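In my numbering, the protein residues as written are 853 to 1101.
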């Protein structure tokens, strides 16, 4: 199997699980950001929507999608799979559609809409937990579905944008989110996997010749570190939780 293909098949969490235990609140942070973003835009555009209260309903769907991802990726849970991610994105698309319906036919500036950003943030919350190829698959499907649904709800618009301009506006933020998320996953995996497969390259510099004596010293250092790491990992697994002192160590 070629290396690039291998890097597309693993997630950042799978190749470097301990580091993601120290930052498990990415989806929760995005959920809070969606809530704040949608609330501010809704209040600022309250008079421009025929059904402004629907924006809060749509935002609740998008927030719940990010919360679902957060709950599904908690420590000691099975790895997130693409069906669960697809369900979360489907919930976010429902919120996006509700928001679009609330603004449809009203004097609303489409460039101020929070809905596309809400779905984009939901996609980005998958970054550490899905392989790049699955992000491209479920994210691409979500982008196509969201763009198709919202286009027919919001076109024509008061700004007089043509169909191509409207379609591009509804699509490019999601395409950017999917691309950036997949690129992030690929970058982490492609840099981590070689280190896991060849630990001796972590500390030995490439730009100078390494003597046999120095190489043996390095191997001894790696052995000492491993002797410390294994009991630590076993202790964490047995305890079932990670304490602040564990994070520092």
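Heads up, the beta-carbon is just placed ideally off N, CA and C, and yes, glycines get one too. Given the structure is predicted, the values throughout are model-derived calculations rather than measurements.
- Residue 863 is not a Cβ neighbour of residue 1008, given a cutoff of 8 Å.
- One Cα belongs to residue 1070, the other to residue 1064, and the distance between them is close to 10 Å.
- Assignment of residue 1024 by DSSP, reduced to helix, strand and coil, places it in the helix class.
- Comparing alpha carbon positions, the residue from 908, 1036, 985 closest to residue 966 is 908.
- Residue 879 sits away from residue 894, with the two beta carbons spaced by 8 Å or more.
- Under the criterion of beta carbons closer than 8 Å, residue 971 and residue 937 do not qualify as touching, at roughly 13 Å.
- Measuring C-alpha to C-alpha distances from residue 1012 to each of 959, 991, 974 identifies 959 as the nearest.
- When only Cα atoms are considered, residue 969 and residue 947 end up about 12 Å apart.
- For the set 990, 861, 1000, 857, the Cα lying nearest the Cα of residue 1029 is the one of 990.
- Straight across, the Cα-Cα distance linking residue 978 with residue 957 is about 33 Å.
- Ranking 1005, 1014, 1044, 916 by CA distance to the CA of residue 941 puts 916 first.
- Here DSSP, grouped into helix, strand and coil, assigns residue 930 to coil.
- Inclusion of residue 943 and residue 1033 in the CB contact set at 8 Å is not warranted, their separation being larger than that value.
- The beta carbon of residue 999 lies closer than 6 Å to those of 1022, 1023 in the same chain, with the five residues before and after it left out.
- Under the three-state reduction of DSSP, residue 1037 is assigned to helix.
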